[in-house]
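*Asks:* Protein chains in written order, with my numbering: chain A, 480 to 660; chain B, 480 to 660.
Glycine residues also receive a C-beta, built at the ideal position from the N, C-alpha and C atoms.
For reference, the structure I am asking about is given below.
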């Protein structure tokens, strides 16, 4: 649960970061920036801000904005019936992001699970992305990501998004926002 | 046919425009900027520069760079067997672009077919895109586009690209580059 005033404040902060990165959005898009709080009540630590540019039955494109050290928690995009799970390409546009996927654990990795949620982070194969660098995550693969010290802006190019089907490692998480006045 | 030296010079110019727009690409991507000259021998007037970020069997994302008043000539993406033709979303990131699609002709439109090629431009329904504005072109729909006075950078989000299947109105056009030393 997140208060509407907190949503507005996060939207404004995300919009300022986009402006700093010279990424233009319309007023309408700014009003509709999605603030994913994941139901944990700690947006600064565990959360994600999104501008969904387009999501058709064939492809999807979003801009992801992460505040400094903000973390998008571990999840995967499962296969849905006969359709393969969502495939996504993360391209860092500004700042720095540490992406973790299933695979051999990277020694001395840079990102760390938010305190209190360590039990729900299980993959530690690190991929660091600076502006201009990208990585494609195969379907149904566990992953999480965390911004560096000044935050991050990441373009996500993908197959169709079905956010409501995402499977999170942490059973406390609610992907779809619940906003209170 | 285009000379390798012309390709390099166009790549450098496109890279400078990306830098001006604060869009980061890697050195490897810069070396591989695609210079589409369309076989007409007039790159400044009829041409397009592309950075292909990703093209999987599920989705595709590119950055399109257009020099001032440069035109991508009229074409469509046909259905391929049972698969629907390419659907694409153009999002203006920098500069200005005039997009023309099938539909009612816009009176006093801003873009004009390159001189000498007027016969091969048949659709004049205008959509003007400034930074932050976007438009989605349905499959198999004729379209062409032209940059404004200072050029344009446009993100293209789409279903899988099969450039070799594009159908151009102008029979002289060759989509795939032929480079000479």
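Name the residue from 589(A), 565(A), 507(A) and 570(A) whose alpha carbon lies nearest to the alpha carbon of residue 641(A).
*Replies:* Nearest of 589(A), 565(A), 507(A) and 570(A) to residue 641(A), Cα basis: 565(A).
*Asks:* Put residue 655(B) into one of helix, strand or coil per three-state DSSP.
*Replies:* Residue state, collapsed to three classes: coil.
*Asks:* Relative to chain A, which residues along the stretch 636 to 647 of chain B have a C-beta separation below 8 Å, given in chain order?
*Replies:* Cβ contacts with chain A come from 636, 637 and 638.
*Asks:* To the nearest angstrom, how far is it from the Cα of residue 555(A) to the Cα of residue 621(A)?
*Replies:* Distance between the alpha carbons of residue 555(A) and residue 621(A): 5 Å.
*Asks:* Tell me which residues of the stretch 495 to 528 of chain B have at least one Cβ-Cβ distance to chain A shorter than 8 Å, keeping chain order.
*Replies:* Result list: 500, 501, 502, 503, 504, 505 and 508.
*Asks:* Beta-carbon within less than 8 Å of residue 643(A)'s beta-carbon, same chain only, minus the 5 sequence neighbours each way: which residues are those?
*Replies:* Hits under 8 Å: 654 and 655.
*Asks:* When Cβ atoms are compared, which residues of the stretch 530 to 555 of chain B fall closer than 8 Å to chain A?
*Replies:* Taking 8 Å as the Cβ-Cβ cut-off against chain A, the residues of the stretch 530 to 555 of chain B that qualify are 532, 533, 535, 537, 538, 539 and 540.
*Asks:* Can you name the residues of chain B whose CB is closer than 9 Å to the CB of residue 568(A)?
*Replies:* Going along chain B in sequence order, the residues near residue 568(A) (Cβ under 9 Å) are 532, 533, 535, 538 and 540.
*Asks:* So with CB distances below 7 Å, who are the chain B contacts of residue 584(A)?
*Replies:* Going along chain B, no residue has its Cβ under 7 Å from residue 584(A), so there is no contact; the nearest lies around 27 Å.
*Asks:* If you draw a straight line from the alpha carbon of residue 657(B) to that of residue 518(B), how long is it in whole angstroms?
*Replies:* Each residue's Cα considered, the two are about 8 Å apart.
*Asks:* Measure the beta-carbon distance from residue 528(B) to residue 508(B) and round it to whole angstroms, keeping in mind my assumption that it falls under 8 Å.
*Replies:* Not confirmed; about 12 Å, so no contact.
*Asks:* Count the other C-beta atoms from every protein chain shown that fall within 10 angstroms of the C-beta of residue 550(A), then say buried if there are 16 or more, exposed otherwise.
*Replies:* Counting Cβ neighbours within 10 Å, residue 550(A) comes out buried, since at least 16 surround it.
*Asks:* Here's a check: name, in chain order, each residue in its chain whose Cβ is nearer than 8 Å to the Cβ of residue 490(A), leaving out the five neighbours to either side.
*Replies:* Hits under 8 Å: 509, 510, 512, 514 and 528.
*Asks:* Going by C-alpha distance, which of 534(B), 660(B), 571(B) and 638(B) is nearest residue 558(B)?
*Replies:* Ranking the options by Cα distance to residue 558(B), first place goes to 638(B).
*Asks:* Can you give me, in chain order, the residues of the stretch 606 to 625 of chain B that have a beta carbon less than 7 Å from any beta carbon in chain A?
*Replies:* Correct list: 610, 611, 612, 613 and 615.
*Asks:* With 8 Å set as the bound, which would you pick, yes or no: does the beta-carbon of residue 654(A) sit closer than that to a beta-carbon of chain B?
*Replies:* Chain B, which has no Cβ nearer than 8 Å to the Cβ of residue 654(A), makes this no.
*Asks:* Have a look at 546(A), 540(A), 486(A) and 532(A) and flag the residue whose alpha-carbon is nearest the alpha-carbon of residue 626(A).
*Replies:* Here the closest residue by C-alpha is 546(A).
*Asks:* What residue range does the alpha helix (DSSP H) around residue 602(B) cover?
*Replies:* From DSSP, residue 602(B) is part of no alpha helix (DSSP H); its letter is neither H nor E.
*Asks:* Between 577(A), 595(A) and 596(A), which lies nearest to residue 587(A) when the distance is taken from Cα to Cα?
*Replies:* Measuring from the Cα of residue 587(A), the nearest candidate turns out to be 577(A).
*Asks:* Output the distance between the C-alpha atoms of residue 553(B) and residue 619(B), rounded to the nearest integer angstrom.
*Replies:* Computed Cα separation, rounded: 12 Å.
*Asks:* Does the beta carbon of residue 487(A) come closer than 8 Å to any beta carbon on chain B?
*Replies:* So no, residue 487(A) is outside the interface.
*Asks:* Is there a Cβ of chain B sitting closer than 8 Å to that of residue 572(A), yes or no?
*Replies:* Yes - at least one Cβ of chain B is within 8 Å of the one on residue 572(A).
*Asks:* For residue 482(A) and residue 504(A), what's the separation of their Cα atoms in angstroms?
*Replies:* Residue 482(A) and residue 504(A): Cα-Cα distance of roughly 24 Å.
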